[in-house]
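Protein chains in written order, with our numbering: chain H, 1216 to 1544; chain S, 1216 to 1544.
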């Protein structure tokens, strides 16, 4: 019965996304209308158009209305302000790169946070780094997490890397994870999220290695970062149960000889950061995550719509209470 | 009496800053305490330390308290949050670069806007691009403008390029200005500010030329941007009354042969973007602007303190009105 050859389970994003889509369908049933997602395409990058069409198709297939607005990039700022102010628009996604420089980050902050399904607004990112999980002091409205990092979390949950025997917020305790990429959009937030859930994380970029841990003290409920001078992948890959890589371009390959036997390997680059031989060493391999990212985006949109409905209900509730007070006073 | 040789007036930042410092001293007299500016130094860049010491010295000489806090960059986010929450701290300045990547932009947005003397918070930048000049609907609290672009504006006012015969908000009407540099921190905001005041602006960077104009329509009270495909400095320098250059590094030099005779030339790079021969062609030359930038920073700090005092007065006023209402009801 014993199988001498190591075998690796390849898990496809489609299968992981299925559960998330079902969750979204359940949520949609409780809402009396079809939420509207508006995508803004001002990018000359053909990959942006492909992604726009793909989100549109997936949104439509899953019970959302989708509208693609192609806008000259010089008019985008005003178009976003209009969409912010339009009550018919529930969520907004902007396809970057547009200017390909810091003007893109300026544009990201124009979105009203109540419509930001990608979770890129400073307030959301700040909450994530600070491990603040709710938007309101009463802890009823969950903060939105950035899509791609959240997709990786959802994958780790699906793969049972999150251990549900452990208390919520501590379910990665004991895990060592290397994240190769430290961009502000994915790598760094992902490292912080994983550390906030209890993992030891090595965050690797072209310059250096940083270690992210969740501190223990009262003021340290969020991650703390320690520089690891002189460290490279040689030092952290052999220690890691999970290796998550997202280096852009088709040149980069994770050095498989450094992988621990049975490591879990996840690629979030649009190119393949792992060569096919990864299957000879990894226990689980997730070659791409795009479909999960879109599922998470629609889940964020649903959450935003639910938050809006809840707020409206509270307002009207408050209104009738006020009327009641007036009536009795 | 006629002087055949063209002569150029060289104007030094110190002289321009003098009037701004006097304005600040007048304002300080109306305040019963010494405002506290806290600088955060987490940068390994020696230029950041020099700038920190220079702001500190200038602040102290001009009636402000200054405190330099040297913080490990991994602890800076928490240190900024503490300073946000500390009522003794009136203004905060952070010396960049720190991480030298987009994490620096994340940190910029941590500052409470009521303490952001540099004017780098998204809300201030947004107001500037949208030509929204006040923070409150009653138009009593002026929005803060980013320091370096505002310093250039103040220089143009000093040099009478702003024509005070024209109505406020239109005082650059008829001027053509080239800005060489389109960074998010200086070049692009500066181009927008100049266009918002009525100038035609050519914004030049290594890739292309964009033309900034203030539109005329009701919805166009702010600048609009037109791409100028194929344009280079050859096309816009000969048209420009004013040339403002801020290219980093000591390699770049503005091609003087393209300058219009009698152009006004302003350098905001820390290096010299104009060779000394500029004096043979320009009517006015401002070789550096640093001192004006610091004067503007202290002016922003004063404005922030005044806004705070005004708000407190309103609150207490509102409080006593509420009491009065209660007493009479």
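Where a beta carbon is used, it is the ideal one built from N, C-alpha and C, also for glycine. Just so you know, these numbers come straight off a predicted model, no measurement behind them.
Exclusion of the five residues before and after residue 1518 of chain S leaves 1357, 1359 as the residues of its chain whose Cβ lies within less than 7 Å of its Cβ.
With a threshold of 8 Å between beta carbons, residue 1222 of chain H makes no contact with chain S. For residue 1438 of chain H, the nearest beta carbon of chain S is not closer than 8 Å to its own beta carbon. Not one beta carbon of chain H lies nearer than 8 Å to the beta carbon of residue 1395 of chain S. In the structure shown, residue 1307 of chain S falls within a strand segment according to DSSP collapsed to helix, strand and coil. Neighbourhood of residue 1399 of chain H in chain S, by CB distance below 9 Å: 1316, 1317, 1318, 1320, 1321, in chain order. Annotated three-state conformation of residue 1345 of chain S is coil, per DSSP. Assignment of beta-bridge partners to residue 1429 of chain H by DSSP yields H:1438. Under the Cβ distance rule, residue 1240 of chain H does not count among the residues neighbouring chain S, no pair being separated by less than 8 Å. With respect to the C-alpha of residue 1382 of chain H, the residue from H:1412, H:1275, H:1317, H:1444 having the closest C-alpha is H:1412.
Contact note: residue 1289 of chain S reaches chain H through 1439, 1440, 1441, 1442, using a C-beta cutoff of 8 Å and chain order. Shown here is that no member of the stretch 1298-1309 of chain H has a Cβ falling below 8 Å from a Cβ of chain S. Under the 8 Å criterion on CB atoms, residue 1324 of chain S is classed as interfacial with respect to chain H. Taken through DSSP and simplified to helix, strand or coil, residue 1267 of chain S comes out as helix. Judged by DSSP secondary structure, residue 1415 of chain S falls outside any alpha helix (DSSP H) and instead within the beta strand (DSSP E) spanning 1415-1419. Cβ-Cβ separation between residue 1480 of chain S and residue 1503 of chain S: approximately 12 Å, too far for a contact (criterion under 8 Å). Contact holds between the stretch 1441-1458 of chain S and the stretch 1415-1429 of chain S, because three or more Cβ pairs, one in each stretch, are under 8 Å apart. Taking the Cα positions, residue 1346 of chain S is about 20 Å away from residue 1370 of chain S.
Counting along the chain, residue 1314 of chain S sits inside no alpha helix (DSSP H), nor does DSSP assign it H or E at all. In this model, residue 1362 of chain H and residue 1516 of chain H are separated by some 11 Å (Cα to Cα).
Here residue 1305 of chain H is not near residue 1235 of chain H, since their CB atoms are 8 Å or more apart. Residue pairing by DSSP places residue 1481 of chain H opposite H:1459, H:1501 in a beta bridge. DSSP places residue 1284 of chain S in the strand class (E or B) of the three-state scheme. Residues of chain S with a Cβ closer than 8 Å to the Cβ of residue 1403 of chain H are, in chain order, 1318.
By alpha-carbon distance to residue 1400 of chain H, the top candidate from H:1302, H:1311, H:1224, H:1476 is H:1311.
Annotated three-state conformation of residue 1365 of chain H is helix, per DSSP. By the criterion of a C-beta distance shorter than 6 Å, residue 1405 of chain S is surrounded in its chain by 1364, 1367, 1394, once the five residues flanking it on both sides are discounted. Taking the C-beta atoms as reference points, residue 1402 of chain H is found nearer than 8 Å to residue 1461 of chain H. Under DSSP, the beta-bridge partners assigned to residue 1253 of chain S are S:1282, S:1307.
Annotation for residue 1271 of chain S: 1254, 1281, 1283 place their beta carbon closer than 7 Å to its own, counting only its chain and skipping 5 residues before and after. Assignment of beta-bridge partners to residue 1395 of chain S by DSSP yields S:1419, S:1460. CA-to-CA, the gap between residue 1500 of chain S and residue 1407 of chain S works out to about 22 Å. Ranked by Cα distance from residue 1288 of chain S, the first of S:1454, S:1314, S:1248, S:1375 is S:1314. Around the beta carbon of residue 1490 of chain H, fewer than 16 other beta carbons sit within 10 angstroms, so the residue counts as exposed. Neighbours of residue 1340 of chain S across chain H, judged by C-beta separation under 9 Å: 1321, 1324.
A Cβ-Cβ contact shorter than 8 Å links residue 1256 of chain S with residue 1285 of chain S.
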